[in-house]
Amino acid sequence: MNIYKLLLRLYPRVWRDRYEEEFLVVLASHPFSLFEGFDVMRGALDAHLHPYLGATTLILSERIRLMLSTLRRSLLTMFCAYCSFIVAGIAFQKLTEYHDFAEAAQAHSLVGFSFDLVVIGAIAALLAVLIGGLPIVAAVVKDALARKRYGLLFLLATPLLALAVFISTTLLLEALAPLGTSTFLTLLSRGIFVAVFLGAAVASTGAVCFAVTRSNIPARLLRFAVLPSLLMTLSMLVMFVATLVWGLSLCSDVPQLFNGNEGMFGTSTSGSWLRIVLVMAIATGLAVFSLMRGCSARSALRKPAR
Amino acid sequence: MGLPDLGRFSDPSILILASLAGGKKHGYAIMEDIESIAHVRLGTGTLYGAIARLEEYGFIEALPSEERGRRPYRLTSAGISFLREQLISMEALATLGLRRLATL
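As given, the protein sequences belong to chains D and C, one line each in that order. Position one of the first sequence corresponds to residue 0 (numbering that gives the first Met the number 0), numbered consecutively onward. Position one of the second sequence corresponds to residue 0 (numbering that gives the first Met the number 0), numbered consecutively onward.
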């Protein structure tokens, strides 16, 4: 496969269906350059952010179906980004639960203020997810009962099952490898703990997304969910910036704590903070991208087709 | 007629419309024509980002392909009106700018 076809794969399928042939002819008509490669990648990003581009020739019903499907995918991607952010947020909570950090938050105003902002952002984001998500979950339940597809209900129950598995595993690990056992057992126990925690998070998120994908969700609920998603994404942005500021102010005001080994499982504090910030940055970026795409699909649903 | 927001594709869009004002053309011919009339080389991604928007807004329309990968486009009546409005506005700005320059 040549470089042109590879670059073209970056574009959405609908866009490719409409412009692929002529696009390739134009691309192949002059020597490839870095500028051209960058321009094509920028064009691909633009096409993803504006999913209606390339759908002009579709009949109205096809166009509406495509925009609704894009809107649903965007909302689900935002939900996945939120769940990833929450995993990082839980790690941040674990990092800051020690007495030293609480003292630092009280003694240094910026450390305390940024920590409070993370808490406020977490509450706002959770509220937004509930406001936008609960009507969709109710629609999944209604659809599952109406079409007798009880597997969808099982998928919705997966987060509860995953939580039960996680709690059971944690209790089991505490019983089998209590604190003070050998290093190997401690490492093994922590490895299992982290793997089960991440596995439960992935399984829960995946199951809910799969259930929503497989259900008939009224378009008005999907359109409505964009508004809470905006609040959720803004909250994620605030939490990300606040976490960044928290670390930087801790580094400046309490360097001995920041440079110590108070991180997760006694690892470097700064290393733990950096990993948390990195995950938050990726999740926030993904949420912003999906929000823009979702808003674009939502506005295209309002436009009459020509 | 309300003017659509073409964002960073505003300038390429005007260039494409101006190129198509000279007759129907396919993508590569538009690119070449713009290079000769405006000395601007549009990247393929930018060219098709603008073409897709102009099609979406109904300012241009695709004609049946003449040969594989060479689909010509032409201006629609909405595209002609839009281009005329834009060019009149540019002309007014150019006239004003030149008049002010003359006083320097």
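By construction, the Cβ of each residue, glycine as well, lies at the ideal position given by its N, Cα and C atoms.
Own chain residues within Cβ distance below 7 Å of residue i, not counting five before or after
| i | result |
| --- | --- |
| Ala280(D) | Phe239 |
| Leu221(D) | Leu67, Leu70, Arg71, Leu74 |
| Ala210(D) | Val139, Leu151, Leu154, Leu155 |
| Leu230(D) | Ala123, Ala127 |
| Tyr18(D) | Gly53 |
| Leu7(D) | Arg15, Glu19, Phe22, Leu23 |
| Ile135(D) | Val211, Ile216, Leu220, Ala224 |
| Leu97(C) | none |
Sequence-distant residues of the same chain with beta carbon closer than 8 Å to residue i, five excluded per side
| i | result |
| --- | --- |
| Met0(C) | Low confidence applies here, because Met0(C) scores a pLDDT of 44, under 50, leaving its location unreliable and the question unanswered by this model. |
| Ala20(C) | Leu74, Ile79, Leu82 |
| Leu48(D) | Phe288, Met291, Arg292, Ser295 |
| Leu94(D) | Phe100, Glu261, Gly262, Met263, Thr268, Ser271, Trp272, Ile275 |
| Arg70(C) | His25, Gly26, Ala61, Leu62, Pro63, Ser64 |
| Met235(D) | Ala80, Tyr81, Phe84, Gly120, Ala124, Met279, Ala282, Thr283, Ala286 |
| Leu226(D) | Gly131 |
| Ile191(D) | Thr168, Leu172 |
Under 7 Å from the C-beta of residue i: neighbouring residues of chain D
| i | result |
| --- | --- |
| Glu54(C) | Thr55 |
| His104(C) | This structure leaves residue 104(C) out entirely; chain C is present only between 0 and 103. |
| Ala37(C) | Correct list: empty, because the minimum Cβ distance to chain D is about 17 Å. |
Contact with chain D by residue i, beta-carbon distance below 7 Å
| i | result |
| --- | --- |
| Met0(C) | Any reading at Met0(C) must be qualified, since the residue scores a pLDDT of 44, below 50, and its modelled position is unreliable; no value is offered. |
| Ala51(C) | yes |
| Leu97(C) | no |
| Ala101(C) | no |
| Leu14(C) | no |
Contacts that residue i makes with chain D (C-beta to C-beta distance below 8 Å)
| i | result |
| --- | --- |
| Leu46(C) | Val25 |
| Met89(C) | Under the 8 Å cutoff, chain D gives no residues; its nearest Cβ is about 25 Å from Met89(C). |
Contact list for residue i against chain C, beta-carbon separation under 8 Å
| i | result |
| --- | --- |
| Val39(D) | Gly42, Thr43, Gly44 |
| Tyr18(D) | Tyr47, Ile50, Ala51 |
Beta carbon proximity, residue i to chain C, threshold 7 Å
| i | result |
| --- | --- |
| Leu52(D) | yes |
| Leu9(D) | no |
Contact set between residue i and chain C, taken where Cβ atoms lie within less than 7 Å
| i | result |
| --- | --- |
| Asp45(D) | Gly48 |
| Gly42(D) | Gly44, Thr45, Tyr47, Gly48 |
Residue i CB to nearest heavy atom of the ligand ADP below 6 Å
| i | result |
| --- | --- |
| Cys79(D) | You won't find the ligand ADP in this model; it holds no ligand whatsoever. |
Cβ neighbours of residue i in the same chain (closer than 6 Å, five flanking residues each side left out)
| i | result |
| --- | --- |
| Ser18(C) | Ile29, Asp32, Ile33 |
| Val86(D) | Ala200 |
| Ala176(D) | Leu184, Ser188 |
| Ala43(D) | Leu9, Tyr10 |
| Ala37(C) | Leu14 |
| Glu96(D) | none |
Within the chosen definition, does the segment 137-148 of chain D reach the segment 264-276 of chain D through at least 3 CB pairs nearer than 8 Å?
-> With a cut-off of 8 Å, the segment 264-276 of chain D and the segment 137-148 of chain D do not count as touching, because too few Cβ pairs lie within range.
Closer than 7 Å, Cβ to any Cβ of chain D: which residues of the segment 56-82 of chain C, in chain order?
-> With the criterion set as a beta carbon lying under 7 Å from some beta carbon of chain D, the members of the segment 56-82 of chain C are Gly57, Arg67, Gly68, Arg69, Arg70, in sequence order.
Residues within the segment 24-37 of chain D neighbouring chain C, beta-carbon criterion of under 7 Å | Shown in chain order are the members of the segment 24-37 of chain D whose Cβ falls below 7 Å from a Cβ of chain C: Val24, Val25, Leu26, Ser28, Phe34, Glu35.
Could you say if the segment 167-177 of chain D and the segment 190-200 of chain D meet the contact criterion of at least three C-beta pairs nearer than 8 Å?
-> They touch, by the three-pair rule.
Inter-stretch contact (C-beta, 8 Å, three-pair minimum) for the segment 246-256 of chain D and the segment 117-135 of chain D = No, the segment 246-256 of chain D is not in contact with the segment 117-135 of chain D.
Sufficient close CB pairs (3 or more, under 8 Å) joining the segment 11-25 of chain D to the segment 13-31 of chain C | The answer is yes - the segment 13-31 of chain C touches the segment 11-25 of chain D, with three or more Cβ pairs under 8 Å.
Using 8 Å as the Cβ pair cut-off and three pairs as the minimum, do the segment 34-43 of chain D and the segment 38-56 of chain C touch?
-> Three or more Cβ pairs closer than 8 Å define a contact, and the segment 34-43 of chain D meets that threshold against the segment 38-56 of chain C.
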